[in-house]
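One structure below.
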Amino acid sequence: MGLTRTSCSKSASNFKGLEADGHRVISIAGNPNVGKSTIFNALTGMKQHTGNWAGKTVGSATGYLKTEKETYTLVDIPGTYSLSPRSPEEEIARDFIAFGGGSLCVVVCDATCLERNLALVLNIAEITPNVIVCVNLLDEAKRKGINIDLDVLSERLGVTVIGTVARDKKSLEGLVQAIEDFPFADKKSNFVMEYPKPVAEAIEVLATVIDKKLNGKINARWLAIKMLCEEIGLISKAGEFANFDIFGDEDIVAAIKIAKKILHQENIAKPALEYIVSAAAVSSAESIYEAAVKKQAQKSDFDRKADRIFTGKAFGIPVMIALLLFILWLTVSGANYISEILSLLFGHIENGLEWAISRTGIPLAIKKVIIEGAFRVPAIIVSVMLPPMAIFFPLFTILEDIGYLPRVAFNLDKPLSRCNGCGKQALTMCMGLGCNAAGVVGCRIIDSPRERLLAILTNSFIPCNGRLPQHK
Amino acid sequence: MKSLKDLRLGESGIIEKLLVSADMRKRFLDIGLIDKTRVSCVGISPAGDPKAFLIRGAVIAIRLCDCEKIMLENSKE
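For the record, the sequence lines run as chains U and C.
The first sequence lines up with residues 137 to 608 when you count with our numbering.
The second sequence lines up with residues 19 to 95 when you count with our numbering.
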């Protein structure tokens, strides 16, 4: 999957019809960069291209998981840190989970920073009880001295918890088994976040009424919180989903008034309420984390020393320039060899083709169209553009995997922010060297709309490898 | 009053309050910067801005112009 019409168009967030083929729909959610797509691919056997850099899942990729018992439709939803969306992708994720997000949601977590990931788990578990938590990268966590007690985690969250190592396919068998064994039919209760008394009371008042009106189509407590936080856009979407005029219903409007009065008596205005709601999730995550995780050593000495070189005042910039130049040199000079071999190969094929066609007696004009047009042009494009890409992008992926790219962004944030950009733009500019299209698409990793627009518009000034050879 | 900006490499502090706009506030809450959260400075970029902080197990870089709006409790370690 990539930038296809279906994954980018407006209807990318429209999930209706997924269940049409009769399979249970399972969504795969999680923070960005936790190995979600890798797990998705391993489960479905699909080659949605993974790795590289943050934010590849544009819309939602779907695939099938076939087990001995059943076939499931799997949906890979965009990575998000919470369910209060700030970008279109995060909104897609939230809408999917909140409004009919299938029968089950597998939340993938990064074991190396579980506490942060738990906030999303709680956000989701608050909406739906049909959750399996998949703690990924267990091996890496162990190496860092982080020991996670999966049983305690499962008990505190009230959901199934599976540990995996995404690169090792065998460890995914436990996850598949958990999906197969999942008691879809059982009635389960949602995770209930603990709020201070007046807030809990206000939520209760409103939720009771909503529950009656919507017949449990959407989790009432969650919707009640959103109503009190006045997320109008979300509420009207909920109304559309449940086919119910929420704002037009007298009982609900009356209940909102009562709930607001309770909050008003305690002097809890909207910003304070938003804070209480977020803080409740964070501190719940904290207490669960502390119960389930034992940390031995702090960050290893090696990491610290490495960081002093990679982001230090003296070495940071020179090392970065040297490393990036080295990669560029490797790409350009390495690509030359492969290019030569490829064009030699294509030359031979062209000769063969020419010989074959001359035997058939096709008129010269058509022969030229076939050989010089249809064959030679793509042959040149492939032999010039493929080799640098085939070298550059894997090298870039290695840098990402060892965690160097975020450090480049960190090093270059100040100079780029002087130009009203941000550090991450350095990465999209580097990607632009490989291919401007990839660079522009990569701009999704930039949060601020203004900085993102700047990065997109200026990316074309980076000569991509299709254009570089022209400057020889 | 001390803000996150004043933390030097290796120092840590405890969040007292956020003095930021509603939009920014939500982002900070999302990364777990609620009151009483312990934050330690684990990196400073070559230009001195941004700084990297260890927040709830994750390392996050924050620009100084945002740091100075994140106030810390006075007790220093």
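Glycine included, every Cβ here is placed at the ideal spot set by N, Cα and C.
Keep in mind it's a predicted model, so treat the numbers as computed, not measured.
In the DSSP output, which residue or residues are listed as bridge partners for residue i?
| i | result |
| --- | --- |
| Arg160(U) | Tyr208(U) |
| Leu201(U) | Tyr208(U) |
| Gly166(U) | Val244(U) |
| Val389(U) | None; Val389(U) has no bridge partner. |
| Gly31(C) | Val57(C) |
| Asn272(U) | Asp246(U) |
| Asn283(U) | Lys430(U) |
| Val341(U) | DSSP lists no partner for Val341(U). |
With the cut-off set at 7 Å, would you say residue i and residue j are in Cβ contact?
| i | j | result |
| --- | --- | --- |
| Phe528(U) | Thr447(U) | no |
| Ser163(U) | Gly238(U) | yes |
| Met567(U) | Gly557(U) | no |
| Ala261(U) | Phe327(U) | yes |
| Ile564(U) | Cys579(U) | According to the sequence displayed, residue 564(U) carries Thr and not Ile. Cβ atoms of Thr564(U) and Cys579(U): closer than 7 Å. |
| Ala76(C) | Lys550(U) | no |
| Ile32(C) | Glu91(C) | yes |
| Ala165(U) | Ile213(U) | yes |
| Cys241(U) | Val267(U) | yes |
| Gly171(U) | Asn272(U) | yes |
| Ile88(C) | Ser21(C) | yes |
| Ser218(U) | Asn259(U) | yes |
| Pro523(U) | Ser479(U) | no |
| Pro334(U) | Ile388(U) | no |
| Leu359(U) | Ala378(U) | no |
| Ile598(U) | Ala591(U) | no |
| Ile445(U) | Phe451(U) | yes |
Given this structure, state the Cα-to-Cα distance separating residue i from residue j, to the nearest angstrom.
| i | j | result |
| --- | --- | --- |
| Met521(U) | Asn572(U) | 12 Å |
| Phe511(U) | Arg303(U) | 40 Å |
| His159(U) | Ala416(U) | 36 Å |
| Val312(U) | Lys323(U) | 22 Å |
| Leu36(C) | Pro68(C) | 18 Å |
| Glu337(U) | Leu47(C) | 23 Å |
| Ala562(U) | Phe546(U) | 10 Å |
| Arg554(U) | Glu587(U) | 12 Å |
| Leu589(U) | Arg81(C) | 20 Å |
| Glu95(C) | Ser30(C) | Any reading at Glu95(C) must be qualified, since the residue scores a pLDDT of 48, below 50, and its modelled position is unreliable; no value is offered. |
| Leu210(U) | Gly181(U) | 11 Å |
| Ala347(U) | Met363(U) | Ala is not the amino acid found at residue 347(U); the sequence shown has Asp there. Their Cα atoms are separated by approximately 13 Å. |
| Ala356(U) | Leu51(C) | 28 Å |
| Phe380(U) | Ile354(U) | 11 Å |
| Gly483(U) | Val513(U) | 12 Å |
| Val243(U) | Val257(U) | 6 Å |
| Cys59(C) | Asp24(C) | 10 Å |
| Asp507(U) | Ile477(U) | Inspection of the sequence shows that residue 507(U) is occupied by Ile rather than by Asp. Answer to the nearest angstrom: the Cα atoms are 20 Å apart. |
| Ile485(U) | Gly602(U) | 23 Å |
| Leu91(U) | Glu316(U) | A question about residue 91(U) goes unanswered here, because the residues of chain U that appear run from 137 up to 608. |
| Ile233(U) | Asp443(U) | 38 Å |
Is residue i helix, strand or coil by DSSP?
| i | result |
| --- | --- |
| Glu366(U) | coil |
| Arg56(C) | strand |
| Thr174(U) | helix |
| Ile87(C) | Reading the sequence as shown, one finds Lys at residue 87(C) and not Ile. Looking at Lys87(C) - three-state DSSP - the assignment turns out to be coil, as it is neither helix nor strand. |
| Val513(U) | helix |
| Leu36(C) | strand |
| Ser290(U) | helix |
| Thr296(U) | strand |
| Cys249(U) | helix |
| Phe71(C) | strand |
| Lys323(U) | coil |
| Val328(U) | coil |
| Ala65(C) | coil |
| Lys431(U) | strand |
| Ser21(C) | strand |
| Ala79(C) | strand |
| Asn259(U) | helix |
| Val301(U) | coil |
| Gly187(U) | Any answer about Gly187(U) is weak, because its pLDDT of 39 lies below 50 and its placement is not dependable; what the coordinates show is given next. DSSP places Gly187(U) in coil when its eight states are reduced to three. |
Review point. Taking one C-beta from the stretch 335-351 of chain U and one from the stretch 264-279 of chain U each time, how about it: are there three or more such pairs within less than 8 Å?
Key: The count of Cβ pairs closer than 8 Å, one atom from the stretch 335-351 of chain U and one from the stretch 264-279 of chain U, stays below three, leaving the stretches out of contact.
(Q) Any contact between the stretch 414-421 of chain U and the stretch 251-271 of chain U? By contact I mean 3 or more CB pairs, one from each, below 8 Å. (A) Taking 8 Å as the limit for Cβ pairs, the verdict is that the stretch 251-271 of chain U does touch the stretch 414-421 of chain U.
_Three Cβ pairs or more, each shorter than 8 Å: is that satisfied between the stretch 33-51 of chain C and the stretch 402-421 of chain U?_
With the cut-off at 8 Å, the stretch 33-51 of chain C and the stretch 402-421 of chain U touch.
At a cut of 8 Å, does the stretch 368-382 of chain U reach the stretch 424-431 of chain U through at least three beta carbon pairs? In this structure the stretch 368-382 of chain U does not touch the stretch 424-431 of chain U; the number of beta carbon pairs closer than 8 Å is below three.
Taking one C-beta from the stretch 387-396 of chain U and one from the stretch 286-302 of chain U each time, how about it: are there three or more such pairs within less than 8 Å? Under the Cβ criterion (8 Å, minimum of three pairs), the stretch 387-396 of chain U does not count as touching the stretch 286-302 of chain U.
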